[in-house]
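First the structure, in the form of structure tokens, and then the observations on it.
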Amino acid sequence: MYDGTHRNSGDNVMVDIKLMQGDCLEKMKDIPDGSVDLVLTDPPYKLASGGRKGTILPTKNTPFSKSGECFKNKTPNFAKWIPEIYRVLKTSSYAFIMTNDRNLKEIWNLCEKNNFIFCEILVIRKNTAVPSCYFFKSCEFVLMFRKGKYKKLEKFGTKTVFDVNMPRGIDKLHPTEKPTGFIEKILIDTTKSGGLIFDPFMGSGSTGVACVNTGRSFIGIELDEGYFKIAQDRINQAVVNINKQDSLFTCEIKQPCNSCGKWEREEDYDDCKGIPTKNDSNTY
Ligand SMILES: C[S@@+](CC[C@H](N)C(=O)[O-])C[C@H]1O[C@@H](n2cnc3c(N)ncnc32)[C@H](O)[C@@H]1O
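Numbering that gives the first Met the number 0 applies: residue 0 is where the sequence shown begins, and numbers increase by one.
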């Protein structure tokens, strides 16, 4: 079970966290080409009925509608964001995209159409199951793609099936929340400490928490204000916890300067005389 917290070894590194509330299709435009070491995301997609005619499987925590929309906002087209994650990734870097069985083919095809090279398919074997008229669904998938030439992983030996305990009950903060342990394992196996990880659909911030716990920098975007606030609180708490420990890295949450717009640490603001936009809901 990947439910523990993983620590990396190495030099003391500075970890920066940048959180943005808004539409990732807009916000991503500000991320420079080839600037990100890894994309790891769990994108929104429409839900199919699971074989039960005319219905979308209802669950207590999930606002599914008959149209298949899972969240308040309209699901962005895969074809719009896949080219953008390719653009922001450095060459010889990896993208991990979570999906269910029904959307796997479309995401896979579009990624290849946008020059990604397929590397691997990981299986998230869950301790829960969703009824279907075929087999009850107890797993999800993570498609692993590469941009450009092969780069050796940081660590070898991890198997492609991850057994995970899904968040449940009062611990569950988001309808499709993923546990952080298996995300931490992927980050440690594929990136160096201090590397920059990007999640355009961060939901409750699970990828961000995994980054803080493993000493990776993070850029996260979430459209829904409520989930964004949950992500901010969770990631902030993870930063407080990690900075209390005798860890090999120091974590700081950056804020955009309201004068020059640059993401700075508080002590850097003297340069442009701007002030951190502390109360701006877009930022941390
Ligand atoms: C599948 S969930 C991610 C859940 C996440 N893995 C977690 O552990 O909490 C996808 C998220 O994408 C958000 N979303 C939908 N459209 C978006 C957009 N255009 N830009 C940014 N976020 C969006 C949804 O509000 C939702 O929270």
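Note that beta-carbon positions come from the ideal geometry of N, C-alpha and C, so glycine has one too.
Treat the numbers as computed from the prediction; the structure is a model and nothing was measured.
For T157, three-class secondary structure by DSSP: If DSSP states are grouped into helix, strand and coil, T157 belongs with coil.
Neighbourhood of L24 by C-beta, 8 Å cutoff - its chain only, sequence neighbours within 5 removed: Around L24: P75, K79, W80 and E83.
Three-state secondary structure (DSSP) of Q231: Of the three classes helix, strand and coil, the one that applies to Q231 here is helix, per DSSP.
Unbroken alpha helix (DSSP H) run spanning R101, endpoints: For R101, the enclosing alpha helix (DSSP H) has its first and last residue at D100 to K112.
Rounded straight-line distance, which links the Cα of N11 to that of N99: Roughly 38 Å separates the two Cα atoms.
For R145, the three-state DSSP class (helix, strand or coil): The answer is strand: DSSP assigns R145 an E or B state.
Where N11 falls: helix, strand or coil (DSSP): DSSP places N11 in coil when its eight states are reduced to three.
Contact check, V141 vs M97, beta carbons under 9 Å: By the CB criterion at 9 Å, V141 and M97 fall inside the cutoff.
For D41 and F197, the rounded distance between their alpha carbons: Each residue's Cα considered, the two are about 11 Å apart.
Option in G214, Q231, Y85 and Y149 with minimal Cα separation from M19: For the options G214, Q231, Y85 and Y149, the alpha carbon positioned closest to that of M19 is the one of Q231.
Beta-carbon separation (whole angstroms), H173 vs Y226, contact threshold 8 Å: Taking a contact as a CB-CB distance under 8 Å, the pair H173 and Y226 counts as one, their CB atoms being some 6 Å apart.
Presumed contact (8 Å Cβ cut-off) between V38 and L195, rounded CB distance: 10 Å between Cβ atoms; not a contact.
Which residues DSSP lists as bridging K125, in chain order: Looking at the DSSP assignment, K125 forms a beta bridge with V163.
Backbone CA spacing between A209 and G180 [nearest angstrom]: Rounded to the nearest angstrom, the two C-alpha atoms are 7 Å apart.
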